[in-house]
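One structure is given here, and the rest of the page talks about it.
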Amino acid sequence: MPRLYTRKTEKAKWTAEQLQAAILAINSGRKIRDVGRTFGIAESTLRGRLKNQNYGKPKLGRKPTFSYEVEKELTKHVLKLSKYLYGLTPTELRRLAYGYVVENSIEHRFCSLTKSAGYDWLELFLKRNPEISLRTPEGTSLNRVSSLNETNVRLFYKNLEETMDKFKLNDKCTRIFNVDETGITTVQKP
């Protein structure tokens with residue numbers, strides 16, 4: 031489980047709107063030190079922001095490994111794999127993330143020995159993208175995957191309905207049993 035950060039400092043508690051108001055006050059002739067005290071922004075921060083003309087919101091902490099767009103692209107890819115009956119295990123997703131950053135030369139802090147992203151990254155990624163649900167995939171028969179389409183399903187239910195009408199089983203559904211017990215497996219391990 032990732033560790034939850036608890037804020038230990040009062041740095042950068044101000045908002046972009048407060049910074050804009052402080053800049054306007056300074057431009058109207060007030061002293062930087064007085065404006066800093068009034069708006070709760072450090073004097074050095076105001077001087078630096080005025081000098082560089084950087085009036086955006088404060089950024090603290092590390093830069094994220096993936097941008098918002100790249101993370102959404104990775105999420106779509108995982109969901110597409112799941113749709114095609116190829117679910118990823120947590121380990122495979124961590125390796126996929128590592129492979130992505132290596133292939134695209136993205137600066138990262140992932141482990142080069144295991145060639146995978148960390149457990150904390152995985153937990154936070156899943157928390158940011160709740161539509162992804164990773165489970166150990168279940169083996170699926172190749173015959174089942176290849177024959178599961180709309181035409182075959184409609185044909186099955188048509189045949190079932192005809193058979194139930196033929197033998198008058200519509201009101202005796204509890205008498206239907208599955209007796210396919212050949213013992214031969216065609217299931218591929220994922």
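Be aware that the sequence shown starts at 31, since it is given in the numbering used here, and climbs by one per residue.
Even for Gly, the Cβ is constructed at its ideal location relative to N, Cα and C.
Computed from a predicted model, the values in this text were never measured in an experiment.
For S97, the secondary structure class from DSSP, reduced to helix, strand or coil, is coil. At the C-beta level, F140 and Y149 stay beyond 8 Å of one another. Between N208 and E180, the alpha-carbon positions lie close to 22 Å from each other.
Shown here, S177 sits in a helix according to DSSP, grouped into three states. Boundaries for I206: no alpha helix (DSSP H) harbours it, and the DSSP string shows neither H nor E there. Judged by beta-carbon spacing, V100 lies beyond the 8 Å limit of L123, meaning their Cβ atoms are not closer than that value. About 11 Å separates the Cβ atoms of I71 and Q50, ruling out a contact at the 8 Å cut-off. Pairing T121 with K87 gives a Cβ-Cβ distance that is not under 8 Å. Contact annotation: F96 and L104 have beta-carbon atoms nearer than 8 Å. Rounded to whole angstroms, the Cβ separation of I62 and R77 is 6 Å, and the two are in contact under 8 Å. Within 10 angstroms of the beta-carbon of G66 lie 16 or more other beta-carbons, which makes it buried. Among the bridge pairs identified by DSSP, S146 is matched with C141. If you draw a straight line from the Cα of F197 to the Cα of R165, it comes to about 42 Å.
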